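Adding 21 to a residue's 1-based position in the sequence shown gives its number in my numbering.
Ideal placement from N, C-alpha and C gives every residue a C-beta, glycine not left out.
The structure displayed is predicted, hence computed values, not measured ones.
For reference, the structure is listed below as C-alpha cells.
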Amino acid sequence: MEEKFQPIESLVNSETSLSQALLFMKEHRYWSETTFDSYKYDVKLFETFLTSQGLESTLENGQHLSLVNRWIVQQKENIVAYKTIMRRVAALSSLYAFYKELGIVQTNAFKASSVPGEHVGPHSRTLEMDDLKKVYSALEGLKKQGVYIGLPIKLLLFTGLRNQAITKLKVGNINWEEGLIIYNQKVRNSKNKMQVLPLPPLLMQELRKHVEEMKLNDDDPLSYGIKGYPLKNKQLNAVVNKVNEFLDWKGEEKRG
22 MEEKFQPIES LVNSETSLSQ ALLFMKEHRY WSETTFDSYK YDVKLFETFL
72 TSQGLESTLE NGQHLSLVNR WIVQQKENIV AYKTIMRRVA ALSSLYAFYK
122 ELGIVQTNAF KASSVPGEHV GPHSRTLEMD DLKKVYSALE GLKKQGVYIG
172 LPIKLLLFTG LRNQAITKLK VGNINWEEGL IIYNQKVRNS KNKMQVLPLP
222 PLLMQELRKH VEEMKLNDDD PLSYGIKGYP LKNKQLNAVV NKVNEFLDWK
272 GEEKRG
C-alpha cells in the first residue's frame, strides 16, 4: 500500500518541542550526522534553559526576544566563550528561520538578538559548520600522526569553557549518569558560578574510554597535552595551535 505524503506543516505546529521540530527539519536538509549532532546539542541547551524558567520547550515559548536575551545573558554570566554563544544563537536562528518561512512561528528572536561584550578582531570570528568539520578532520589526521589532542579540543567546542576552566577540569567533574560536566570553581565572586554542561553521547563514550585506559581517578586532571602531561594554559594554546597549523589557518583564519 502506497504511503501517504504528509507535508511538514501538518506534522509541526507552535506547540511542537524544539527537539522534535529539529528532527523534522533534518529531513529537509542535507546535513551530516556530525552537523545534526551539533545542532541537536545547541537546541537541547536552550530547551534546558526554557525548562529552568518553568516553561515547556516548545517553538511558541522559545520565540520571545526577552527570553532569548535572558539566555544569552545567563551564558555570559557563566563565562561561556563569545564564539560559543554566537554558534548556539546561530543554530537556533536557523531553526526558527526555517519555521518562520513556513508560517509556523511568527518571529525569529535569535536573528534579532546580539551577543555584547566582546571585542571582535581577526581571532574572534565564529566557527561555521564547515570549519567545525575541518577541525574534526584535523583531529583525525593528527591522530594518525600519533598526536592525540581530540578530547581537549572537543571539550572547548562543546562546553564553551575558557582555557583556564578546561585546565581545571577533573574526572570528578563528570556526571556519568546524566551525561554532564559540572564545573564549580568554588570562588566567591559573581563571575564564578557553578555550570552544568550537557555533552553529546559520543563525547561521553570517548571520555569514558579515556578515563578507563589511563586508569584515572576522580581527583586526576581530565585533559592532557601533546606530550601526555596535564594541561596548563600554555599547553592548551599549543594544542589549539597544532590544529591551526594542520589546517594552515593563519592570520584572519586562525582560531584561538
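Taking the C-alpha atoms as reference points, what is the distance between residue i and residue j?
i           : j           : result
residue 42  : residue 33  : 7 Å
residue 191 : residue 242 : 4 Å
residue 258 : residue 110 : 26 Å
residue 266 : residue 163 : 11 Å
residue 180 : residue 99  : 11 Å
residue 263 : residue 123 : 43 Å
residue 36  : residue 115 : 18 Å
residue 134 : residue 167 : 43 Å
residue 154 : residue 205 : 30 Å
residue 249 : residue 121 : 49 Å
residue 285 : residue 71  : Beyond the ends of the chain as shown, which are 22 and 277, falls residue 285; an answer cannot be given.
residue 44  : residue 112 : 13 Å
residue 203 : residue 194 : 5 Å
residue 85  : residue 182 : 27 Å
residue 158 : residue 104 : 20 Å
residue 145 : residue 226 : At residue 145 the pLDDT is 43, less than 50, meaning the model places this residue with poor confidence and gives no usable figure here.
residue 149 : residue 169 : 24 Å
residue 161 : residue 67  : 30 Å
residue 101 : residue 108 : 11 Å
residue 271 : residue 228 : 30 Å
residue 106 : residue 152 : 16 Å
residue 256 : residue 244 : 10 Å
residue 234 : residue 165 : 19 Å
residue 216 : residue 132 : 26 Å
residue 14  : residue 63  : With the chain represented from 22 up to 277, any question about residue 14 goes unanswered, as that position is not in the structure.
residue 269 : residue 156 : 11 Å
residue 97  : residue 230 : 32 Å
residue 130 : residue 119 : 13 Å
Since residue i and residue j should fall inside the 8 Å C-beta cutoff, what is the C-beta to C-beta distance between them, to a whole number of angstroms?
i           : j           : result
residue 237 : residue 218 : With 8 Å as the limit, residue 237 and residue 218 do not qualify as a contact, their Cβ atoms being about 19 Å apart.
residue 252 : residue 137 : Residue 252 to residue 137, Cβ: 30 Å. No contact.
residue 246 : residue 232 : Going by Cβ atoms, the distance from residue 246 to residue 232 rounds to 17 Å, so no, they are not a contact pair.
residue 178 : residue 187 : Not confirmed; about 11 Å, so no contact.
So, does the CB of residue i fall closer than 8 Å to a CB anywhere in chain C?
i           : result
residue 159 : The chain inventory of the structure shown lacks chain C, comprising one protein chain alone.
Considering only the alpha carbon of each residue, which of the options lies closest to residue i?
i           : options            : result
residue 128 : 154, 40, 83        : 83
residue 58  : 221, 226, 114, 244 : 221
residue 126 : 101, 38, 228       : 38
residue 69  : 97, 151, 40, 44    : 40
residue 73  : 61, 95, 62, 60     : 95
residue 10  : 254, 62, 106       : No answer is possible for residue 10: it lies beyond the span of the chain, which begins at 22 and ends at 277.
residue 240 : 256, 270, 228, 189 : 189
residue 60  : 97, 93, 117        : 117
residue 224 : 235, 171, 151, 234 : 171
Quick check: does the Cβ of residue i come within less than 7 Å of any heavy atom belonging to the ligand PLP?
i           : result
residue 104 : With respect to the ligand PLP, the structure offers nothing, as it holds no ligand at all.
| task | Starting from the N-terminal side, write out each stretch of the alpha helix (DSSP H) that is 4 residues or longer and does not extend beyond the region 52 to 121. | result | When DSSP assignments are scanned along the region 52 to 121, the uninterrupted stretches of alpha helix (DSSP H) that are 4 or more residues long and fall wholly within it turn out to be 54 to 73, 86 to 98.
| the region 184 to 199 contacting the region 48 to 56, beta-carbon criterion three pairs below 8 Å | In short, these stretches do not touch, since the Cβ pair count stays below three.
| said: Using a Cβ distance threshold of 8 Å, determine whether the region 84 to 99 contacts the region 49 to 65, with at least three qualifying pairs required. | reply: Touching, no.
| query | With contact counted as at least three CB pairs below 8 Å, one residue from each stretch, are the region 53 to 61 and the region 70 to 78 in contact? | reply | The region 53 to 61 is not in contact with the region 70 to 78.
| Inside the region 233 to 260 only - beta strand (DSSP E) runs reaching at least 3 residues | Within the region 233 to 260, not a single complete beta strand (DSSP E) segment reaches 3 residues in length.
| task | Report the residue ranges of all alpha helix (DSSP H) runs contained in full by the region 140 to 204; include only those spanning at least 4 residues, in chain order. | result | The qualifying runs are 150 to 165, 171 to 180, 184 to 189.
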